[in-house]
Amino acid sequence: MDEYQLLLDLHKNADRQGPGGDAETWKALDLAQVDTSAPLQIADIGCGTGASTLLLTQLPNARITAVDLFPEFLDELEKRAARTGVTDKISTLPCSMDNLPFDNETFDVLWSEGAIYNIGFTKGIRDWHRFLKPGGILVVSELTWTTGDRPSEIHTYWAEEYPEIETASAKIGILENYGYAPIGYFVLPEHCWSANYYQPMQNRFKEFLDRNGNSDAARAIVEAEKKEIALYESYKTYYSYGVYIARKVEGPN
Ligand code: SAM
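This is how it looks when you write it as structure tokens:
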């Protein structure tokens, strides 16, 4: 198995593939000030196995297009949707988020939790702008420094892993520069990382290693995850995911 297959194998059976939480998804929806009873076309970009997609199906008149690069995640989402009887509210689309096939002004809401980093925040919010209807809402969570300064060990680690990591004020400035009016922001609390993401992942390590013959490649993935978790434990006051909620405005884009 190559590294991608191993990562899919580690994450496919998880409820979520990144930090987040149902209460936080509802909170973002509340801050978005959308009429939740209205017919809403929503795209969930980088949906994974669909933690947020499935929650959004609870909106009575929403239709959600769930996009992910990996069909394996979308298959899992479809199984979950079938189990909860919401298949008719979603359609899945295996596609890269930098090559989306949507027409201009298709969506009332663009949703993306813990995924825009795959193409970078600035490129994502700039390229996706045209898919929103006028006045449509963007909700994205993005790795964010929560303080102006930080110890060099964590600064170096994340600057190498994700060079676009920035403070919320910088990210909000980017939104303002690319045709959005920010209307809300909050920081994902610790349980979104620990209880909802890292702990369940740690519980899967042994079976993952057994399934993959304890191969060097599988062990390297576990070691990398353990390093990320240890750094989070040491430095969690300095970063989190920020959740950004912004309304599309017409502007120089
Ligand atoms: N939103 C999900 C959640 O919060 O549980 C998944 C977050 S996970 C950290 C990032 C997701 O982005 C994965 O499901 C991954 O397959 C997907 N992804 C990676 N590169 C992508 C790309 N170029 N286009 C679309 N999805 C991509």
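The sequence shown begins at 61 in our numbering and counts up one residue at a time. For glycine and all other residues, C-beta sits at the position ideal for the given N, C-alpha and C.
Span separating the alpha-carbon of residue i from that of residue j
i: T182; j: Y222; result: 13 Å
i: D62; j: I124; result: 31 Å
i: D75; j: D209; result: 33 Å
i: L160; j: R264; result: 32 Å
i: D128; j: K149; result: 17 Å
i: A230; j: T152; result: 33 Å
i: R140; j: I234; result: 36 Å
i: N313; j: E136; result: Only weak support is given to the placement of N313: the predicted model assigns it a pLDDT of 46, under 50, and the value that follows is read from those uncertain coordinates. Cα to Cα, N313 sits roughly 36 Å from E136.
i: G110; j: E138; result: 9 Å
i: C107; j: S172; result: 7 Å
i: G78; j: G174; result: 6 Å
i: A219; j: I225; result: 7 Å
Inter-residue CB distance, residue i and residue j (contact presumed, cutoff 8 Å)
i: D203; j: Y295; result: For the sequence presented, residue 203 should be read as Leu rather than Asp. So it is not a contact: roughly 13 Å between Cβ atoms.
i: L100; j: A122; result: 4 Å
i: L291; j: Y217; result: 6 Å
i: D168; j: I105; result: Going by Cβ atoms, the distance from D168 to I105 rounds to 14 Å, so no, they are not a contact pair.
Near ligand 1: residue i beta-carbon under 6 Å from a heavy atom
i: L114; result: no
i: G174; result: yes
i: S300; result: no
i: R186; result: no
i: C252; result: no
i: L129; result: yes
i: F133; result: yes
i: R76; result: yes
i: A111; result: yes
i: L273; result: Per the sequence presented here, residue 273 reads as Gly, with Leu not at that position. G273 Cβ: outside cutoff for every heavy atom of ligand 1.
i: N178; result: yes
i: G81; result: no
i: S229; result: no
Beta-bridge pairing of residue i - partner residues as DSSP gives them
i: V169; result: I102, I197
i: I124; result: I102, I150
i: S300; result: T204
i: Y240; result: K308
i: L192; result: F167
i: F246; result: V303
i: T113; result: BP columns for T113 are empty, so no partner.
i: K226; result: A small correction: the amino acid at residue 226 is Glu; Lys does not occupy that position in the sequence shown. DSSP output for E226 lists T204 as bridge partner(s).
Close-in-space but distant-in-sequence residues of the same chain around residue i (CB under 7 Å, 5 per side omitted)
i: F246; result: K87, V303
i: H251; result: G81
i: A228; result: T204, Y245, G302
Chain-order list of residues whose beta-carbon lies under 6 Å from that of residue i (same chain, five-residue window excluded)
i: M261; result: none
i: V282; result: F265
i: F268; result: L70
i: E288; result: none
Residues near residue i by beta carbon distance below 8 Å, same chain, minus five either side
i: L68; result: F130, E132, F133
i: P194; result: E165, K308, E310
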